[in-house]
């Protein structure tokens, strides 16, 4: 089945029809441009065979918010005979079809309303009300688009010889991104916010980071949307204990992802967090325990569950608890006397080590041994968990113990060394390349800037310990790091500009540390500030 208009017509045009709706749009789409845009979005999902190929190519722990089988279950609905029959009506009764999608989108999905058994969902459980809705269609598009950010060719995407030459990866990715944001706008029209809508926003922000980088204004705006919806649907409130396991699992996955994304992006932009630790949702059955930290034990025991079942559960746990510590360190930097429990420098370092030891016990495998793991996907999860710990070390010492120069420098070195090893291992983990590029920006660039700053600040000191900050040593280490990461972050990558700017700033700083008389001219718009702590 093919739409009446040419395939080469981008569904991105639908975005133009999804502007701010009038009051009448809350109930039904009676604007012809909106109906036309919705028609295109609905028809695009009929390319489901190709979509399934792309979903199958995703790593087992992607999407990180929920398990991939759920997305596949949604897509399965659109490949069933009754769905084909329903979508055929688009040609003959466009308005009625679009109106039904808007109607379904206003009603919470049945499987999130405690109507299913504790065994959870199956493709057979899902019906039109569950799947034929804008948030679900947007989730499918976003997940497929994410798969395109990690693939370097589309050789198996579609064997249809009738496809125009312009049907390239970039065209498809652009169309899918427009479709995702059109679905978001349509869901906004309904005024209904559910866990599915929050999931769609989270998938979208991950996609935006992959396309534009973390500093982009679209990313910051979407982060605000995520916080607003999270509070609107009540994920910050104590959970009801009679919730079925499917809903409980989904809610905790959404909260953990939203919370850690908030910490990553606000830290990157050097802004206060939007989702504070005090609003963390209560969760049951924590298996983490930290000696001599009863207050933190109680806090975590009500906010982190061990029932995360995805292969990336260790990463999610590590990201969550390390984000809590980094938030405490950020607060403690400004007021050590009125900071969260345990956030004085000594206590913070002890809590960090206690958390890390407990995480290792819960995982059953020391993350430091990630290179020994034979399963590539498990190896990558261990690597990211280890980098979370290393960077949290750097962050705490940077903000609370900056005077311990040697220790801070060695921590930065260990972080950079581990990232270099990670880059070298990507040969067998090509599908994680775009994710690791983001990790390089989050963990690697700050550590490189700190190491360069230590070299500049202590270049005139000659104590035996500080000899390790000599010009040749630091220059060699940083040059190796940037040469290595630029094999991952290439000119077309959205993070490339950030890497180049940091690299240039560091080179200038190191040159001036070697010869204070050296002066430089700066390109327009580039910061003249040296890397600082």
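Residue numbers (the working numbering): 1305 to 1837. All residues carry an ideal CB built from backbone N, CA and C; glycine is no exception.
Original post:
Leaving out five residues before and five after residue 1579 in sequence, what residues of the same chain have Cβ atoms less than 6 Å from its Cβ?
Top reply: Cβ within range, chain order: 1531, 1563, 1566.
Original post:
What is the DSSP secondary structure of residue 1669, counted as helix, strand or coil?
Top reply: Correct three-state label for residue 1669: coil.
**OP:** For the alpha helix (DSSP H) containing residue 1680, list its first residue and its last residue.
**Re:** Going by DSSP, residue 1680 is part of the alpha helix (DSSP H) stretching over 1680-1704.
Subject >> Under 8 Å between C-beta atoms of residue 1799 and residue 1517 >> reply: Between residue 1799 and residue 1517, the C-beta gap is smaller than 8 Å, which places the two residues in contact.
**OP:** Please look up how many angstroms separate the CB atoms of residue 1699 and residue 1743, rounded, as I've assumed it's under 8 Å.
**Re:** Incorrect: roughly 14 Å between the Cβ atoms, too far for contact.
Original post:
Roughly how many angstroms separate the alpha carbons of residue 1493 and residue 1691, rounded to a whole number?
Top reply: In a straight line, the C-alpha of residue 1493 is about 41 Å away from that of residue 1691.
Original post:
In this structure, does DSSP put residue 1362 in helix, strand or coil?
Top reply: In the three-state scheme derived from DSSP, where H, G and I count as helix and E and B as strand, residue 1362 is classed as coil.
**OP:** Grab the span of the alpha helix (DSSP H) containing residue 1501 for me, first residue to last.
**Re:** For residue 1501, the enclosing alpha helix (DSSP H) stretches over residues 1499-1516.
Original post:
Is the number of C-beta pairs between the region 1745-1755 and the region 1803-1813 that are closer than 8 Å three or more?
Top reply: Yes, the region 1745-1755 is in contact with the region 1803-1813.
Original post:
DSSP on residue 1442, reduced to helix/strand/coil?
Top reply: Residue state, collapsed to three classes: helix.
Original post:
Candidates 1536, 1486, 1527, 1521: which alpha carbon is nearest residue 1496's?
Top reply: Nearest of 1536, 1486, 1527, 1521 to residue 1496, Cα basis: 1536.
**OP:** Below 6 Å CB to CB, which residues in the same chain sit around residue 1693 once its five sequence neighbours on both sides are set aside?
**Re:** Spatial neighbours of residue 1693 in its own chain (CB-CB distance under 6 Å, excluding positions within 5 residues in sequence) are listed in chain order as 1660.
Original post:
residue 1716: buried (16+ other C-beta within 10 angstroms of its C-beta) or exposed?
Top reply: Result: buried.
Subject >> C-alpha distance - residue 1402 paired with residue 1513, whole-angstrom precision >> reply: So the alpha carbons of these two residues sit roughly 31 Å apart.
Subject >> Assigned exposure category for residue 1668 - 16 Cβ within 10 Å defines buried >> reply: Residue 1668 comes out exposed.
Original post:
If you check the beta carbons only, do residue 1416 and residue 1381 fall under 8 Å apart?
Top reply: No.
Subject >> Residue from 1741, 1442, 1637, 1707 with nearest C-alpha to residue 1258 >> reply: Absent from the structure is residue 1258, since the part of the chain shown begins at 1305 and ends at 1837.
Subject >> For residue 1711, the first and last residue of its enclosing alpha helix (DSSP H) >> reply: Note, residue 1711: alpha helix (DSSP H), 1709-1729.
**OP:** Measure the alpha-carbon distance for residue 1812 versus residue 1376 and round it to whole angstroms.
**Re:** The alpha-carbon atoms of residue 1812 and residue 1376 are separated by roughly 50 Å.
**OP:** Give the DSSP-derived three-state secondary structure of residue 1811 in the structure shown.
**Re:** Residue 1811 falls in the helix class under three-state DSSP.
Original post:
Under 8 Å, do residue 1685 and residue 1453 count as touching if we go by C-beta distance?
Top reply: Not closer than 8 Å, so no.
Subject >> Proximity of residue 1558 and residue 1502 at Cβ, strictly below 8 Å >> reply: Yes, Cβ-Cβ distance for residue 1558 and residue 1502 is below 8 Å.
**OP:** Using only alpha-carbon positions, find the residue among 1728, 1653, 1577 that is nearest to residue 1788.
**Re:** Out of 1728, 1653, 1577, 1728 has the C-alpha closest to the C-alpha of residue 1788.
Original post:
Alpha carbon to alpha carbon, what distance is there between residue 1485 and residue 1508?
Top reply: Distance between the alpha carbons of residue 1508 and residue 1485: 8 Å.
Subject >> Same chain only: Cβ atoms within 7 Å of residue 1701, ignoring 5 sequence neighbours per side >> reply: Within the same chain, Cβ atoms closer than 7 Å to the Cβ of residue 1701 are found at 1708, 1711, 1712, 1715, the five residues on either side in sequence being excluded.
Subject >> residue 1794, DSSP secondary structure in three states >> reply: Reduced to three states, the DSSP call for residue 1794 is coil.
**OP:** Have a look at 1665, 1362, 1637, 1670 and flag the residue whose alpha-carbon is nearest the alpha-carbon of residue 1734.
**Re:** Of the listed residues, the one whose Cα sits closest to residue 1734 is 1362.
Subject >> DSSP state of residue 1573 mapped onto helix, strand, coil >> reply: DSSP, reduced to helix, strand and coil, places residue 1573 outside both helices and strands of the structure shown, so it counts as coil.
**OP:** Measure the CB-CB distance between residue 1649 and residue 1560 and report whether it falls below 8 Å.
**Re:** Between residue 1649 and residue 1560, the CB-CB gap reaches or exceeds 8 Å.
Subject >> Contact with chain C by residue 1523, beta-carbon distance below 8 Å >> reply: The chain inventory of the structure shown lacks chain C, comprising one protein chain alone.
**OP:** Just the C-alpha distance for residue 1405 and residue 1436, rounded to the nearest angstrom, thanks.
**Re:** Their Cα atoms are separated by approximately 6 Å.
Subject >> residue 1523 vs residue 1441 beta-carbon contact at 8 Å >> reply: In this structure, residue 1441 does not lie closer than 8 Å to residue 1523 by Cβ.
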